[in-house]
Amino acid sequence: MTVVTEHQIGAWVEKPGPDARVLIRDDLPIPSPSPEEVLIKLDYTGVCHSDLYSITGKTPMQVNIAGHEGIGHIIRAGSNVSQELIGKRVGIKWLYEYCDNCEICSKDVTYCPNQKNPGRNVSGTFQQYICSQVKPLTFIPDGISSELAAPLLCAGITIYSAILKLRLKPGEWLLLPGAGGGLGHLGVQIAHALGFKVIAVDTGESKRKLCLELGATCFLDFKVDDVEKKVKELTNGYGVHGAVCLAGNKAGYTQAIAQLRNTGVLVCVGLAMEELPISPFMMIVRGISVFGSSVGTEQEMKGLLEMASEGKIKAIVDIFDFQDLDGVLEKLRFNGISGRACRCLQNNFFVTLMDNIAAAASLSDDSAKVGDIRQYTNTAFRTSTEIKTFAMVVWERLIRFVATDGRVLRGEPILPSVDFDLGKTTPETKLQAKVITGKDIYDTTGSTKVSDEIVTVKELLGPLTREEVPILRCVGLNYAKHIKEAGRSPPPFPFIFFKPVPSIIGHNEDVIIPKIAQDDQADYEGELCLVLGRDCKDVSEADALSYVGAYTCGNDISSRKLQRDPAFAGRIPQWGFSKGFDTFAPLGPVLVNADLIEDPSKVHLKTIVDGEVRQDESVGDLLFGVPYLISYLSSGTTLEKGSVIMTGTPGGVGAGLNPPKYLVPGTVMEVEISGIGTLKNGVKFA
């Protein structure tokens, strides 16, 4: 695959050290992989206090880009690397490269004296693209989202390895000073999963609640409680079996050592610069052991990801926007952030980053002083500036249906339960709905209302009629896995095509495959669809979501032969004709008010064909997110109210399987999107 531009944008550290400045630059070259390397397009990077140490010079930084816990997709492979890796989601950790042939490596590669580390002696992850050899990469399981996996690559593996070094047995006591922070909240979960009794030490009600919810046996507030007395009471006067000190100061280490029982073990993780407050005499007479721990091995990383895949641990990510820089800085200064953070680096993020960081911090020349750049070390950022939806419509969910009295109505469904899937509605469900009156379902003037009339639903129809949709705008090649299975390269801009209005059908209707598309070529494409609630033109990404009236499920039915076979399609790919047949755009089963889906990148999409899950991916993996699509499509063009935008399909289409699996008469397709429901359609041949 090729990269579509020559330059990228990144956070460039000028003169690392006490006088460092961080410049947001758009002229950084995109690196080219050597024959032994791959090129990765980063989606997220976790952020860490050690990044701040590097920027300010407390730990030497020999390069100009910080960051060392990135998640992204391989988009190019060197000549000596398997091309099958393209499209794989991988993680970049602190241990970027090691020699694997020295005495130290034979014992523990994480201490290799010849190692390379992102943000220290190779360029880090605060940029859009990065090269790496395959050996140190971590392949991320499908069951873990990128934004939650990123913190595991540094914070997660650091605390996981440290806890394992204690060699505790289930039921033994573990002390965690700093338990409510980025490493600590993960440590509580890991230790709990391993069967240890966790004494969480931190301060503040929010951190107390967090630690107890995550599995801590008890929480001690070091500003309120007599920690030493409480620990003795809990451990029958002996003290804890082990402690992992996460606090970066002498006081934290002093407290941790004081709570150890004889033969106890202390593992040092917090980056305190003072001398350790323990004498050889104390270590000898009490049998105390002290270890240092930085990161972990690849084998330990696999164990951690397995734990995360099983749902035993989960990184809690704080999200801040650039307008909140001052508040974020104050929170960091006073240890006010619970959990961990990651920073989003998706396609359009950097444009808004450049536009807004200077305005937010009143900086000039797109630069920031060291004190102002601290938000990079503990915050997570959205793909753009803060984006808010407006309450544009009077209903939360809108369905169109046949009532038991025979009327075709629109209504606000009365859900039998909070998580009820409207696509599963049957006559036996006896679903009820409040009738919606008024001609314009997007009206905000009061002429459209949710009435008090309650009726029973007999049959669910599609939420939109063809007369209500001025146009269907569709996006192709918008997920990395689908791009790979299609044998294409990532596009520089969205691929746009259109579907005719007669292609629209509703929930539970059959897709009719015409004779021209029946021979081993008809295919499905599950997609998130948005419906505009008002006209828009030349809108910014920051304002884009305010124009969304609702979301629904869609299925972009396609004829692969007419799309991709030169004998039928001419110059390929040919999109409009091959995807525009009648019934080739199922939509439904419900319109969900955009206010209920504040961030569409958080929803998950599945396509199930004849009971088999074929597509299963987070919408957050879109190459071009919803705000960017609206902004891009509205450039010089009026997008009319009621227009539907189909955002693209993940990998797993029938044509991409081995062997391919195309639609046949009797096929049942289900597109399931979290927070919306399931769109179900059958298949018939004309």
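Position in the sequence shown counted from 1, then plus 1, gives you the numbering used here.
Idealized CB from N, CA, C, for every residue including glycine.
Whose CA, out of Lys580, Leu211 and Ala523, lies closest to the CA of Gly657?
-> Counting from 1 along the sequence shown, the entry for residue 657 is found at position 656. When each option's Cα is compared against that of Gly657, the closest is Ala523.
Beta-carbon contacts of Val409 that lie in its chain and below 8 Å, excluding the five residues immediately before and after | Residue 409 sits at position 408 when you count from the first residue of the sequence shown. Arg401, Phe402, Val403 and Leu462, listed in sequence order.
Just the Cα atoms here: how many angstroms apart are Pro19 and Ile56?
-> Locating residue 19 in the sequence shown gives position 18, where the first residue counts as 1. Locating residue 56 in the sequence shown gives position 55, where the first residue counts as 1. Going from the Cα of Pro19 to the Cα of Ile56 covers about 8 Å.
Which term fits Gly71, buried or exposed, when burial requires 16 or more other beta carbons within 10 angstroms of its beta carbon?
-> Counting from 1 along the sequence shown, the entry for residue 71 is found at position 70. Classification of Gly71: buried, given that the 10 Å Cβ count is 16 or more.
Contact check, Gly555 vs Glu599, beta carbons under 8 Å | In the sequence shown, the residue the question calls residue 555 occupies position 554. In the sequence shown, the residue the question calls residue 599 occupies position 598. No, they are not a contact pair.
Find the nearest neighbour of Phe223 within the set Ala248, Lys170, Val291 and Glu468, judged by alpha-carbon distance.
-> Translated into the one-based positions of the sequence shown, residue 223 becomes position 222. It is Ala248 whose Cα lies nearest to the Cα of Phe223.
Roughly how far, in whole angstroms, is the beta-carbon of Ile317 from the beta-carbon of His193, given that I think they are within contact range, below 8 Å?
-> Within the sequence shown, residue 317 is the residue found at index 316, counting from 1. Within the sequence shown, residue 193 is the residue found at index 192, counting from 1. The Cβ separation is near 14 Å, so there is no contact.
Could you name the residues of the same chain whose beta carbon sits closer than 6 Å to that of Thr264, not counting the 5 residues immediately before and after it, in chain order?
-> The sequence position of residue 264 within the sequence shown is 263, counting from 1. Closer than 6 Å at Cβ, skipping near neighbours: Gly288.
CB contact flag (Asn682, Pro590, <8 Å) = Sequence index remark: in the sequence shown, residue 682 carries index 681 (1-based). Sequence index remark: in the sequence shown, residue 590 carries index 589 (1-based). No, the Cβ-Cβ distance between Asn682 and Pro590 is not below 8 Å.
Where does Asn594 land, buried or exposed, given buried means 16+ other C-beta within 10 angstroms?
-> Walking along the sequence shown from the start, residue 594 turns up at place 593. Asn594 comes out buried.
What does His8 pair with, by DSSP beta-bridge criteria?
-> For the purposes of this step, residue 8 is identified with residue 7 of the sequence shown, where counting begins at 1. BP columns for His8 point to Pro30.
If you run the structure through DSSP and keep just helix, strand and coil, what is Asn379?
-> Here residue 379 corresponds to residue number 378 of the sequence shown, with the count starting at 1. At Asn379 the pLDDT is 28, less than 50, meaning the model places this residue with poor confidence; the figure from the coordinates comes in the next sentence. The three-state reading of DSSP puts Asn379 in helix, counting H, G and I together.
Is the CB-CB distance between Gly142 and Gly183 below 8 Å?
-> Start at 1 with the first residue of the sequence shown, and residue 142 comes out as number 141. Start at 1 with the first residue of the sequence shown, and residue 183 comes out as number 182. Rather than Gly, the amino acid found at residue 142 in this sequence is Pro. Between Pro142 and Gly183, the gap from beta carbon to beta carbon reaches 8 Å or more.
Assign Glu15 to one of three DSSP states: helix, strand, or coil.
-> Stepping through the sequence shown from its first residue, residue 15 is reached at position 14. Strand.
Straight-line gap, Ser635 to Ile442 (C-alpha atoms, nearest Å) = Here residue 635 corresponds to residue number 634 of the sequence shown, with the count starting at 1. Here residue 442 corresponds to residue number 441 of the sequence shown, with the count starting at 1. For Ser635 and Ile442, the distance between alpha carbons rounds to 22 Å.
Start and end residues, alpha helix (DSSP H) containing Ser632 | Start at 1 with the first residue of the sequence shown, and residue 632 comes out as number 631. Run containing Ser632: Val627 to Leu634, per the alpha helix (DSSP H) assignment.
Give the C-beta separation of Ser133 and Val39 to the nearest angstrom, bearing in mind that I take them to be a contact with Cβ-Cβ under 8 Å.
-> As a working mapping, residue 133 is identified with position 132 in the sequence shown. As a working mapping, residue 39 is identified with position 38 in the sequence shown. About 6 Å separates the two Cβ atoms, so the contact holds.
Ala252 (DSSP reduced to helix, strand or coil) = Position 251 of the sequence shown, counted from the start, is the residue given in the question as residue 252. Three-state DSSP puts Ala252 in a helix.
In chain order, what residues of the same chain have a beta carbon less than 7 Å from the beta carbon of Met2, not counting five sequence neighbours either side?
-> Within the sequence shown, numbered from 1, the residue matching residue 2 stands at position 1. Model confidence at Met2 stands at a pLDDT of 40, short of 50, so the residue's coordinates are unreliable and nothing is read from them.
Between Lys662 and Gly655, what straight-line distance do the alpha-carbon atoms span, to the nearest angstrom?
-> Along the sequence shown, one-based indexing puts residue 662 at 661. Along the sequence shown, one-based indexing puts residue 655 at 654. Lys662 and Gly655: Cα-Cα distance of roughly 5 Å.
Which of the three DSSP states, helix, strand or coil, is assigned to Met670?
-> The residue labelled residue 670 in the question sits at position 669 within the sequence shown. Note: Met670 maps to strand in three-state DSSP.
Cβ shell of Thr548 (< 7 Å), same chain only, five flanking positions each side left out = Here the question's residue 548 lines up with position 547 in the sequence shown. In the sequence on display, residue 548 carries Tyr and not Thr. The residues are Leu533, Gly534, Arg535, Cys537, Val540 and Ile631.
Quick one: residues in its chain with C-beta nearer than 7 Å to the C-beta of Gly544, no 5 flanking neighbours on either side, listed in chain order?
-> Within the sequence shown, the letter at position 543 stands for residue 544. Correcting the residue type first, residue 544 is Asp in the shown sequence and not Gly. Here the set comprises nothing.
For Leu305, I'd like the list of residues in its chain whose CB is within less than 7 Å of its CB, leaving aside the five on either flank, ordered along the chain.
-> The residue given as residue 305 occupies position 304 in the sequence shown. Excluding positions up to five away in sequence, the list reads Leu153, Gly157, Ile158 and Tyr161.
Spell out the partners DSSP gives Gln433 in its beta bridges.
-> Taking the sequence shown and counting its residues from 1, the one referred to as residue 433 is at position 432. Ile415 and Thr457.
So, is Met670 buried or exposed, given that buried needs 16 or more other C-beta atoms within 10 angstroms?
-> Taking the first residue of the sequence shown as position 1, residue 670 is located at position 669. Buried.
Tell me where the beta strand (DSSP E) around Gln689 begins and ends.
-> Given that the chain is displayed from residue 2 to residue 687, the structure contains no residue 689 and the question cannot be resolved.
Note down the Cα distance separating Asn122 from Lys136, rounded to an integer number of angstroms.
-> Working through the sequence shown from its first residue, we reach residue 122 at position 121. Working through the sequence shown from its first residue, we reach residue 136 at position 135. Their Cα atoms are separated by approximately 18 Å.
For Leu623, which residues from the same chain have a beta carbon less than 6 Å from its beta carbon, with the 5 sequence-adjacent residues on both sides left out?
-> Walking along the sequence shown from the start, residue 623 turns up at place 622. The answer, listed in chain order, is Asn479.
Where the alpha helix (DSSP H) through Leu306 begins and ends = Within the sequence shown, the letter at position 305 stands for residue 306. That run of the alpha helix (DSSP H) goes Glu299 to Ser310.
For Ser365, collect the residues of the same chain with a Cβ closer than 6 Å to its Cβ; drop the 5 residues on either side in sequence, then sort them by chain order.
-> Start at 1 with the first residue of the sequence shown, and residue 365 comes out as number 364. Any answer about Ser365 is weak, because its pLDDT of 27 lies below 50 and its placement is not dependable; what the coordinates show is given next. Contacts found: none.
For Arg561, which three-state DSSP category applies?
-> The sequence position of residue 561 within the sequence shown is 560, counting from 1. Three-state DSSP puts Arg561 in a helix.
Is Lys94 closer than 8 Å to Cys155 when the C-beta atoms are compared?
-> Within the sequence shown, numbered from 1, the residue matching residue 155 stands at position 154. Within the sequence shown, numbered from 1, the residue matching residue 94 stands at position 93. The answer is yes: Cβ separation under 8 Å.
Could you say which of Ser619, Gly205 and Thr457 lies nearest to Ala481 if we only look at CA atoms?
-> Within the sequence shown, residue 481 is the residue found at index 480, counting from 1. Ranking Ser619, Gly205 and Thr457 by Cα distance to Ala481 puts Ser619 first.
Compute the Euclidean distance between the alpha carbons of Asp557 and Gly424, then round it to the nearest angstrom.
-> Residue numbering aside, residue 557 sits at position 556 when the sequence shown is read from its first letter. Residue numbering aside, residue 424 sits at position 423 when the sequence shown is read from its first letter. C-alpha separation (whole angstroms): 18 Å.
From what residue to what residue does the beta strand (DSSP E) around Phe686 run?
-> Position 685 of the sequence shown, counted from the first residue, corresponds to residue 686. Residues Gly678 to Phe686.
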